[in-house]
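The C-terminal residue of the sequence shown carries number 167 in the working numbering, and the numbering is unbroken.
All residues carry an ideal CB built from backbone N, CA and C; glycine is no exception.
Only a predicted model underlies this, so the values are computations on that prediction, with no experimental measurement involved.
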Amino acid sequence: MNAAISAIARFGLAAVWLWSGTVKLLNPLDSRQAIAAYELLPGGMIDFLAVALPAVELILGLMLLIGVFLRWAAVASSIILVGFIVGVGSAWARGLSIDCGCFGGGGYDADAGPASYLTSIGRDLVFLAMAAWTAWRPFERFAVRP
Numbered sequence: 022m023n024a025a026i027s028a029i030a031r032f033g034l035a036a037v038w039l040w041s042g043t044v045k046l047l048n049p050l051d052s053r054q055a056i057a058a059y060e061l062l063p064g065g066m067i068d069f070l071a072v073a074l075p076a077v078e079l080i081l082g083l084m085l086l087i088g089v090f091l092r093w094a095a096v097a098s099s100i101i102l103v104g105f106i107v108g109v110g111s112a113w114a115r116g117l118s119i120d121c122g123c124f125g126g127g128g129y130d131a132d133a134g135p136a137s138y139l140t141s142i143g144r145d146l147v148f149l150a151m152a153a154w155t156a157w158r159p160f161e162r163f164a165v166r167p
């Protein structure tokens, strides 16, 4: 049973990172707009993150998929996910109306409300649990270098 949970956590998180990184990399202006909407960072940092974040997401996804340094990839994933949760929570607490931009798009969204923030935070908490499980019990079968 633990092996099945570990496999689902590892490969599921890999799919999440590969999907979100690809979508963001293909639409860097949307990524920039989504990051800017949080109103947390100066312009230069926004530009850097709009390029770096999708690249990091893709690298983490590949590391998890092929099984390279699984625990490191899981810990890095956890750190990023905590940052996402804090960012969404901060936007909600400050009354911003934004779409999280988690899987592309993002930016200001007049329809954003408590339900959308709770959905984003809840989803990221599930991903965080997957990352924590992978760090604790990595699925090492089919791994190049666990």
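- Under the DSSP assignment, aspartate 145 falls in the alpha helix (DSSP H) whose first and last residues are 135-157.
- Non-local C-beta neighbours of serine 118 in its own chain, meaning closer than 7 Å and more than five positions away in sequence, comprise Tyr129, Asp130, Ala131 and Ala133, ordered along the chain.
- The alpha-carbon of valine 107 is positioned some 22 Å away from that of proline 49.
- As DSSP reads the structure, isoleucine 119 sits in a beta bridge with Tyr129.
- The Cβ-Cβ distance between alanine 36 and serine 98 does not fall below 8 Å.
- Counting other Cβ atoms within 10 Å of its Cβ, leucine 47 stays below 16 and is therefore classed as exposed.
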